[in-house]
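>
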Amino acid sequence: MRLSNYFLPVLKEAPREAEIVSHQLMLRAGMIRQQSAGIYSWLPLGLKVLRKVEQIVREEQNRAGAVEVLMPTIQSADLWRESGRYDDYGKEMLRITDRHERDMLFGPTNEEMITDIFRSYVRSYKDLPLNLYHIQWKFRDEVRPRFGVMRGREFLMKDAYSFDLDEAASRAAYKRMFVSYLRTFDRLGVKAIPMRADTGPIGGDLSHEFLILADTGESEVFCHGDFMRFPVPGAGVDYGDDAKISAIMDEWTSAYARTDEMHDEALWDDVPAADQMNARGIEVGHIFHFGTKYSTPMGAKVTGPDGKDHDVFMGSYGIGPSRVVAALIEAGHDDAGIIWPASVAPFDVGLINLRSGDEATDTACGDLYSKLTAAGFDVLYDDTDNRAGGKFALADLIGLPWQLIVGPRGLANGEVELKERATGERLTLTLDAALNRLAEWQAETAARFGG
Ligand code: 5CA
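All letters in the sequence shown, in the order written, are residues 20 to 470 by our numbering.
1) Rounded to the nearest angstrom, how far is the Cβ of residue 258 from that of residue 83, given a contact under 8 angstroms?
2) Using the Cα positions of residue 261 and residue 402, report the straight-line distance between them to the nearest angstrom.
3) I need the straight-line Cα distance from residue 113 to residue 170, nearest angstrom please.
4) Would residue 344 and residue 69 qualify as a contact pair, given that the criterion is a beta-carbon distance under 9 angstroms?
5) Threshold first: 4 residues or longer. Then list the alpha helix (DSSP H) segments lying entirely within the region 387-438, N to C.
6) For a quick check, are the C-beta atoms of residue 418 and residue 460 less than 9 angstroms apart?
7) Answer with buried or exposed for residue 129, where buried requires no fewer than 16 other C-beta atoms within 10 angstroms of its C-beta.
8) Going by CA-CA distance only, name the one from 323, 405, 435 and 439 that's closest to residue 357.
9) When you compare each of 370, 465 and 300 to residue 238 by their alpha carbons, which one comes out closest?
10) What does the alpha-carbon distance come out to for the pair residue 367 and residue 394?
11) Would you report the Cα separation of residue 187 and residue 96, rounded to the nearest angstrom?
12) Under the three-state reduction of DSSP, which class applies to residue 481: helix, strand or coil?
13) Could you work out which residue in 462, 61, 354 and 425 is closest to residue 450 when comparing CA atoms only?
14) Any heavy atom of the ligand 5CA closer than 8 angstroms to the beta-carbon of residue 200?
15) Taking C-alpha atoms, which residue in 304, 331 and 318 lies nearest to residue 346?
16) Less than 9 angstroms between the beta carbons of residue 231 and residue 210, yes or no?
17) Mind the definition here: the region 179-199 touches the region 374-394 only if three or more C-beta pairs lie below 8 angstroms; say whether that holds.
18) Since residue 101 and residue 131 should fall inside the 8 angstroms C-beta cutoff, what is the C-beta to C-beta distance between them, to a whole number of angstroms?
19) Looking at the structure shown, is residue 224 part of a helix, part of a strand, or coil, going by DSSP?
20) CB residue 148 to CB residue 192, shorter than 9 angstroms?
21) Do residue 85 and residue 22 have their beta-carbon atoms positioned less than 9 angstroms apart in this structure?
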C-alpha cells in the first residue's frame, strides 16, 4: 500500500477524553473513530489489525473442531422469553420495537439463538459433539462505556457454543476450548492467564477468564509465577485425545490464579512469596460451562443410545477481538507509539522514502516495494513528500515491526537502513542484506506464530 493512496488520518494529539494509552494511541494512529459513546468506526489501519486478530481466533477455533456460522445481530425477544433471560438481563440489553410492534433486541450474546438452531435440526446423539461459533458484533448498553474499544457498547465477539450428550462429554468440550484459547493468545503474541471466574448472567458451575497482563488492566490479578513457565501446546495438539487435552488443562489450572473478585487470601498465603505475582490484567476471553440451563427451558433434546430423550449439555466460549486489539496495545507500546506482535501488525514493513521525487530514490523504493510484496510482505510505502522526521514518527506511532529507510546518500553506496521497531536497533545494510534479514524474520515469524 502506498501511503499517498491510503486513508490514515493520524492525530497530533489524543483527544482529552482518552484516559488510557491504548485508546489514545488508537485515536492518534487513525485506527478508530468514535461515533457515539462506546460505538466506533474501524478505520483502515484498525480494521487490518482487527481482521488479523479475528483470523487467528478463527483458525484456532476450527483447529479445535468448532464450526463457523453467522447469526444476526438483531434477535427476537420471544426467544429470550423462553429462557427467562428477557426480564433478567436489565438495562444492558438494547430493546427495539419493529414497525409491527414486535419486541426485538440487539444481541448481547447468543445462547438462546444457537439453542434454537440446534433444536431445529439436531435429533440424535450421533450428531454430537457439536460446537458452533460465530464472530459477530454485540451490543451491551454499558452504564459507563470507557477506554475506547476496551469497554465499548458495540463490540466484536467470537462466541462458540458446545453441545454434548452428557456432563462428561460436555466437560471434555470445555477443555478443548480452554486449550484452544492457550494457543490463540500465544499466536496473538501475548501471555494470557486462565483464572477461575464468576459466571454472572451467563450462568453455570464452571468458568474461566483469560487475562492479558498489562499495568493498566482493569482487574487486579494474583497468580503464581509458574504461569510464566507452563508450555503452550503446539499446532499439532490432538483435540481428539481427551486425556491429553485434560492433562494440559490440569497443568494450566494447577497453580493459583484469580482476579480480585475471586481472590482468597488464605489460599494466596500458601503460594511462596517468591512466586507471588500481583499484577493487573485485562479480560480478553471468558468460557462457561452451564449444562442444561438453556436446553431444558428451550426444549433442546437429543435421543441417546438408550433410545430416550436427553436435554443437551452446553457451554459457551467468548473472546472479544475488538478488546484484544486494545489489550495488545496496552501490553505493547512505548513513548513513541505502538509495538505490535508480528502476527497482527497491520503491515510488516514500513518502506520510508527519504527523498520522494528524486528519481534514483523513487526507482529503488519502487523496486524494493515490488520485491517485498512479491515475497509475501505486507508493505506500507511512505511515498509522501513529508519531512523525514515526520515519516519516522509516523512509522513508530503505528508500530510496524520493521522500517526500511531509503535515502539518496545511502543508495550512492548501495545501502539502506533497517530499523526494528521493538528494539530500536538500526542497521546499515546493502539492499540484498536488508531483504535477507527481512526474509529471515518472515520465516521466524511463520514458525513462531503460524497456524
Ligand atoms: N456468551 C458468553 C461467552 S460466548 C459471553 O457473553 N461472555 S462474556 O460476557 O464474558 O463476553 C465474552 C468476551 O467479550 C469478553 O471476554 C470480552 O473479551 C468481550 N467483551 C465483553 N464485553 C465487552 C465490552 N463491553 N467491550 C469490548 N469487549 C467486550
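All residues carry an ideal CB built from backbone N, CA and C; glycine is no exception.
Predicted model, so just to flag it, every value in this text is computed and none were measured.
A quick look at the data gives this:
1) Right, the Cβ-Cβ distance comes to about 5 angstroms (below 8 angstroms), so this counts as a contact.
2) Straight-line Cα distance between these residues: approximately 54 angstroms.
3) Cα-Cα distance, rounded: 16 angstroms.
4) It is a contact, given that the beta carbons lie within the stated cut-off.
5) Restricting attention to alpha helix (DSSP H) runs no shorter than 4 residues, the region 387-438 encloses them at 407-417 and 427-431, ordered along the chain.
6) In this structure, residue 460 does not lie closer than 9 angstroms to residue 418 by Cβ.
7) Classification for residue 129: buried.
8) Answer by Cα proximity: 439.
9) Ranked by Cα distance from residue 238, the first of 370, 465 and 300 is 300.
10) Those two C-alpha atoms are separated by around 12 angstroms.
11) Each residue's Cα considered, the two are about 32 angstroms apart.
12) Any question about residue 481 goes unanswered here, given that the chain covers just 20 to 470.
13) Shortest Cα-Cα distance from residue 450 to any of 462, 61, 354 and 425 involves 425.
14) No; taking the cut-off as 8 angstroms, the Cβ of residue 200 has no heavy atom of the ligand 5CA nearer than that.
15) Nearest C-alpha to residue 346: 304.
16) Judged by their CB atoms, residue 231 and residue 210 are nearer to each other than the 9 angstroms cut-off.
17) Output reads no: the region 374-394 does not touch the region 179-199.
18) With 8 angstroms as the limit, residue 101 and residue 131 qualify as a contact, their Cβ atoms being about 7 angstroms apart.
19) Three-state result, residue 224: coil.
20) Cβ atoms of residue 148 and residue 192: closer than 9 angstroms.
21) Taking 9 angstroms as the Cβ cut-off, residue 22 and residue 85 do not qualify as a contacting pair.
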